[in-house]
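Colleague: One structure is given below, represented as structure tokens, and several questions about it will come after.
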Amino acid sequence: MKPLHIALLILASIGVAAVVSVYGNTTQIVSFNAADSLAKEEPNKEYHVYCKLNKAKEIQYDPQKDPNLLIFSAIDSLGTEKMVKYLKPKPQDLERSEKILIIGSSEGAYFHAKTIFSKCPSKYEDTPVKD
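In numbering that gives the first Met the number 0, the protein residues as written are 0 to 130.
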């Protein structure tokens, strides 16, 4: 084989290895029920859950007592409700958020969120233009 062919084969194998490694590290967007069942198979894997804050239930957050503990109830896109535990300070405007993306793992009665992204409706509304 020519050196060019060998170099192209090595380059192609590196590309395939990169794609496989990236695919292996991806997380899935699931519901709370799916996260519960998948956690039994792979307990350390993180999942994305789109949900909304259950405003009918109280948010448990006391920054004087523990500023790194937030517990709230969320409802996923299929209507399943689950308690979410977040071990960081409460995100700003969580109560005003329209949708929430939580990234974490399901452990027993709680979904342990490592990251929370919230979509606030006021950020995306058009501002009226004055003539």
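Even for Gly, the Cβ is constructed at its ideal location relative to N, Cα and C.
(1) How about Thr-114 and Ile-102: are their beta carbons less than 8 Å apart?
(2) Would the beta-carbon of Ala-38 fall within 8 Å of that of Ser-105?
(3) So, at 6 Å on beta carbons, what are the nonlocal neighbours of Leu-86 in its own chain, with the 5 sequence-adjacent residues on each side left out?
(4) Return the Cβ separation of Lys-89 and His-111 in integer angstroms, given the expectation that the two are a contact with Cβ distance under 8 Å.
(5) At a cut-off of 7 Å, would you count Gln-91 as near the ligand ADP, judging by its Cβ distance to the nearest heavy atom?
(6) Go ahead and label Asp-92 buried or exposed: buried means 16 or more other beta carbons lie within 10 angstroms of its beta carbon, across all protein chains shown.
(7) Taking 6 Å as the limit between beta carbons, can you name the residues of its chain near Gln-27, skipping five residues before and five after?
(8) Tell me whether Lys-64 is buried or exposed, calling it buried when 16 or more other Cβ atoms sit within 10 Å of its Cβ.
(9) Near Ile-58, what residues of its chain come up, given a Cβ to Cβ distance below 6 Å and the 5 sequence neighbours on each side ignored?
(10) Mapping the DSSP letters down to three states, classify Ala-55 as helix, strand or coil.
(11) Please name the residue in Pro-2, His-4, Lys-51 and Lys-1 whose C-alpha comes closest to that of Asp-75.
Modeller: Taking the structure as given:
(1) As a working mapping, residue 114 is identified with position 115 in the sequence shown. As a working mapping, residue 102 is identified with position 103 in the sequence shown. Contact: yes.
(2) Within the sequence shown, residue 38 is the residue found at index 39, counting from 1. Within the sequence shown, residue 105 is the residue found at index 106, counting from 1. Yes, they are a contact pair.
(3) Working through the sequence shown from its first residue, we reach residue 86 at position 87. Excluding sequence neighbours, Leu-86 sits near Asn-67.
(4) Within the sequence shown, residue 89 is the residue found at index 90, counting from 1. Within the sequence shown, residue 111 is the residue found at index 112, counting from 1. Incorrect: roughly 16 Å between the Cβ atoms, too far for contact.
(5) What this structure holds is no ligand at all, so the ligand ADP is not there to describe.
(6) The residue given as residue 92 occupies position 93 in the sequence shown. Classification for Asp-92: exposed.
(7) Start at 1 with the first residue of the sequence shown, and residue 27 comes out as number 28. Closer than 6 Å at Cβ, skipping near neighbours: Tyr-46.
(8) Within the sequence shown, residue 64 is the residue found at index 65, counting from 1. Per the 10 Å Cβ criterion, exposed.
(9) Position 59 of the sequence shown, counting from 1, holds the residue named residue 58. Excluding positions up to five away in sequence, the list reads Phe-71.
(10) Position 56 of the sequence shown, counted from the first residue, corresponds to residue 55. If DSSP states are grouped into helix, strand and coil, Ala-55 belongs with coil.
(11) The residue labelled residue 75 in the question sits at position 76 within the sequence shown. Of the listed residues, the one whose Cα sits closest to Asp-75 is Lys-51.
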